[in-house]
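Visitor:
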Amino acid sequence: MERHSLFLFDVDGVLIYPKGYKEALIAAVNNVAAQMDQDPINLTYEEIAVFEACGLTNEWESLAMCAGLMLVNALQAYPDQIRNTFALTVEALQRQHITLKRPDFVGFARQVRENNAEGMHLAHTVRDMLIARSPSPVHPILHELFDDVYGIHAPMTRLFQHYTLGSERFEETYGTQSDFKVASFLLLHDIPHIQSGVLEEFLNRDFDVSIYTTRPSQPPVDLTPSARERLDTANYPPEGDLAAGLLGVLDKVPLIAGGRIMWIAAQHKRDVAEFLKPSPIQALAAIGAALSAQETAALEAAVAFYDKGEINWPLDQLRDQPTHIIVFEDSVGGIRAVQSAVDLLRKAGLDVTAQSIGVAPEQAKREALAVVADYVTDDINLALSPYLN
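In our numbering, the protein residues as written are 1127 to 1515.
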């Protein structure tokens, strides 16, 4: 029997060139430097590529890492400026008009990769590494920065969301006044990588497709109205939905993004980091969504399978025919999540195979992807052409 093919697409670095996130990270790090009365840091795209190659693909984590490293380095030199919170400490440092050496962000990111234990939250690895090099009065500030980077009350997450969403959408999403006025960097800077109409061509040919990203997003699109009304919109900034809109596939392709994972994690009273890539749960949900075009059912089936071994709809459709899953990813964690999901499905007796295609032009990311991907390309359009010809 011929194998049925499913296609899973990451967004940033694959379908979209995420210039918006890169520029937002650069601006946010410069904002923190300015708060300390320092010259702009001006992170380079090469540095950001190394962060991503080291697993720091979420800017809430990489921004907190940069801010935490700047803070700890400053307080090592000026321990008398330690205050009770991040904001008060930065304010105290600003009043001193000191000049600090630019931190080695890349070197520290590589240490994070070396120190991160399997399954450990990267932000907590960064926190613990910074705690190890700072005096105890700094520790509460590091907990403030890193304990919950997925919550809008985390200082760096709040700062970053101003730049990604823009101040107007920030206020709409979080129901609170913005700290400063700014336009959305995602709307200003994001550029589609994939050629116009290619995703729609996949849909026209009845290929089974889902988008598989950690971008924050709205909750599942097919939730009942009553279930949607009970949700706190502050947990669901629409960055993944904006990406789908930019690509012209909003409401046409199932979107297994950060907000969808946030929703299912909340239903099970679990930490969202347990469900996001590199967890196989997000990959299982993306597979189920591609099979069915249903988001809520796919999310529920993914957790039931991972937790209890139950093969419920839509994952039970994998019993009907041999299936080949092709994932296009720019992160090691996203590929490993799919590989782990396929291993679990095979152990459950399902005839499933996978092919992992790494997509990245940056050398540091290509080297990291080459370890886990079947092959690596710098152009998603070249990678897709065999399936359309």
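C-beta atoms are modelled at their ideal positions from N, C-alpha and C, and glycine is treated no differently.
1. Measure the CB-CB distance between Leu1325 and Gly1292 and report whether it falls below 8 Å.
2. To which residues does DSSP link Glu1365 through a beta bridge?
3. DSSP state of His1394, grouped into three classes?
4. Give every residue of the same chain whose Cβ lies closer than 6 Å to the Cβ of Tyr1143, excluding the five residues on either side of it in the sequence, and list them in chain order.
5. By DSSP, does Glu1244 sit in helix, in strand, or in coil?
6. So what's Asp1433 in DSSP terms, helix, strand or just coil?
7. How far does the alpha helix (DSSP H) with His1315 in it reach, from first residue to last?
8. Span of the beta strand (DSSP E) holding Thr1290?
9. Give me the DSSP bridge partner(s) of Leu1134.
10. With DSSP as the reference, identify every bridge partner of Val1502, one or two as the case may be.
11. Sort Ala1467, Thr1359, Arg1445 by Cα distance to Thr1299 and report the nearest one.
12. Keeping to the same chain, check which residues put their C-beta closer than 8 Å to that of Ala1499; ignore five residues upstream and five downstream.
13. Three or more beta-carbon pairs under 8 Å between the region 1402-1417 and the region 1371-1378, yes or no?
14. Apart from the five residues on each side of it in sequence, which residues of its chain come closer than 6 Å, Cβ to Cβ, to Val1458?
15. Got a sec, what are the start and stop residues for the alpha helix (DSSP H) Pro1144 sits in?
16. Classify Glu1426 as buried or exposed, calling it buried when 16 or more other Cβ atoms lie within 10 Å of its own Cβ.
17. Using a Cβ-Cβ cut-off of 8 Å, state whether Leu1312 counts as contacting chain D.
18. Here's the rule: buried if 16 or more other CB atoms are within 10 angstroms of the residue's CB, otherwise exposed. What is Leu1508?
19. Can you tell me whether Lys1148 is buried or exposed? The criterion is at least 16 other CB atoms within 10 Å of its CB, across all chains shown.
20. When DSSP builds the beta bridges, which residues end up paired with Pro1318?
21. Residues in the same chain with beta-carbon distance under 7 Å from Arg1396, minus the five sequence neighbours each way, listed in chain order, please.
22. Cutting at 7 Å between CB atoms, please list the residues of its own chain near Lys1491, excluding the five before and the five after it.
23. By Cβ distance below 6 Å, which residues in the same chain neighbour Ala1392 in space, the five residues on each side in sequence not counted?
24. Mind checking Ala1411: buried by the 16 CB within 10 Å criterion, or exposed?
25. Could you please give me the residues that DSSP links to Thr1479 through a beta bridge?
26. For a test of the three-state rule: what should DSSP assign to Leu1381, helix, strand or coil?
27. Would you tell me roughly how many angstroms separate the C-alpha atoms of Asn1330 and Leu1169, rounded to the nearest one?
28. Expressed to the nearest angstrom, what Euclidean distance is found between the alpha-carbon atoms of Ala1153 and Met1191?
29. Going by beta carbon distance, what residues of the same chain come within less than 7 Å of Leu1510, once the five residues before and after it are set aside?
30. Taking C-beta to C-beta, are Arg1253 and Phe1272 nearer than 8 Å?
31. Around the Cβ of Thr1449, are there at least 16 other Cβ atoms within 10 angstroms (buried) or fewer (exposed)?
Guide: Quick look at the numbers:
1. Working through the sequence shown from its first residue, we reach residue 1325 at position 199. Working through the sequence shown from its first residue, we reach residue 1292 at position 166. No, they are not a contact pair.
2. As a working mapping, residue 1365 is identified with position 239 in the sequence shown. According to DSSP, which records beta bridges pairwise, Glu1365 is partnered with nothing at all.
3. The residue labelled residue 1394 in the question sits at position 268 within the sequence shown. If DSSP states are grouped into helix, strand and coil, His1394 belongs with coil.
4. As a working note, residue 1143 is residue 17 in the sequence shown. The residues are Ile1317, His1319.
5. Here residue 1244 refers to the residue found at position 118 of the sequence shown. Three-state DSSP puts Glu1244 in coil, outside helix and strand.
6. Taking the first residue of the sequence shown as 1, we reach residue 1433 at position 307. Here Asp1433 sits in helix by DSSP.
7. The residue you call residue 1315 lines up with position 189 of the sequence shown. Counting along the chain, the alpha helix (DSSP H) containing His1315 begins and ends at 1311-1315.
8. For the purposes of this step, residue 1290 is taken as residue 164 along the sequence shown, with counting starting at 1. Where Thr1290 is concerned, there is no enclosing beta strand (DSSP E), although the alpha helix (DSSP H) it sits in stretches over 1281-1291.
9. Here residue 1134 is taken as the residue at index 8 of the sequence shown, counted from 1. DSSP lists Ser1336, Val1453 as partners of Leu1134.
10. To locate residue 1502, count along the sequence shown from 1; it is residue 376. Its beta-bridge partners are Gly1484.
11. On the sequence shown, position 173 is the one that residue 1299 refers to. Ranking Ala1467, Thr1359, Arg1445 by Cα distance to Thr1299 puts Thr1359 first.
12. Taking the first residue of the sequence shown as position 1, residue 1499 is located at position 373. Excluding sequence neighbours, Ala1499 sits near Glu1455, Ile1461, Ser1482, Ile1483, Gly1484.
13. no
14. Residue mapping note: residue 1458 aligns to position 332 of the sequence shown, counting from 1. Contacts found: Ala1494, Val1498.
15. Mapped onto the sequence shown, residue 1144 falls at position 18. Counting along the chain, Pro1144 falls outside any alpha helix (DSSP H), and DSSP gives it neither H nor E.
16. Along the sequence shown, one-based indexing puts residue 1426 at 300. Counting Cβ neighbours within 10 Å, Glu1426 comes out buried, since at least 16 surround it.
17. Of the protein chains in this structure there is only one, and it is not chain D.
18. The residue labelled residue 1508 in the question sits at position 382 within the sequence shown. The residue in question, Leu1508, is exposed, as its Cβ has fewer than 16 Cβ neighbours within 10 Å.
19. The residue you call residue 1148 lines up with position 22 of the sequence shown. Lys1148 comes out buried.
20. Residue 1318 sits at position 192 when you count from the first residue of the sequence shown. Paired residue(s): Ile1142.
21. Taking the first residue of the sequence shown as position 1, residue 1396 is located at position 270. Contacts found: none.
22. Walking along the sequence shown from the start, residue 1491 turns up at place 365. Hits under 7 Å: Ala1175, Glu1178, Ala1179, Asp1456.
23. As a first step, residue 1392 is located in the sequence shown; it is residue number 266 there, counting from the start. Cβ within range, chain order: n/a, list empty.
24. Residue 1411 sits at position 285 when you count from the first residue of the sequence shown. When all chains shown are included, Ala1411 counts as buried.
25. For the purposes of this step, residue 1479 is taken as the residue at position 353 of the sequence shown. In the DSSP output, where bridge partners are listed per residue, Thr1479 has His1450.
26. In the sequence shown, counting from the first residue as 1, residue 1381 sits at position 255. Here Leu1381 sits in strand by DSSP.
27. In the sequence shown, the residue the question calls residue 1330 occupies position 204. In the sequence shown, the residue the question calls residue 1169 occupies position 43. Taking the straight line joining both Cα atoms gives about 41 Å.
28. Along the sequence shown, read from residue 1 onward, the residue named residue 1153 stands at position 27. Along the sequence shown, read from residue 1 onward, the residue named residue 1191 stands at position 65. Near 15 Å, if we compare the C-alpha coordinates of Met1191 and Ala1153.
29. One-based indexing of the sequence shown puts residue 1510 at position 384. So the list reads Val1324, once near-sequence residues are dropped.
30. The residue given as residue 1253 occupies position 127 in the sequence shown. The residue given as residue 1272 occupies position 146 in the sequence shown. In this structure, Phe1272 lies closer than 8 Å to Arg1253 by Cβ.
31. Indexing the sequence shown from 1 puts residue 1449 at position 323. Label assigned to Thr1449: buried.
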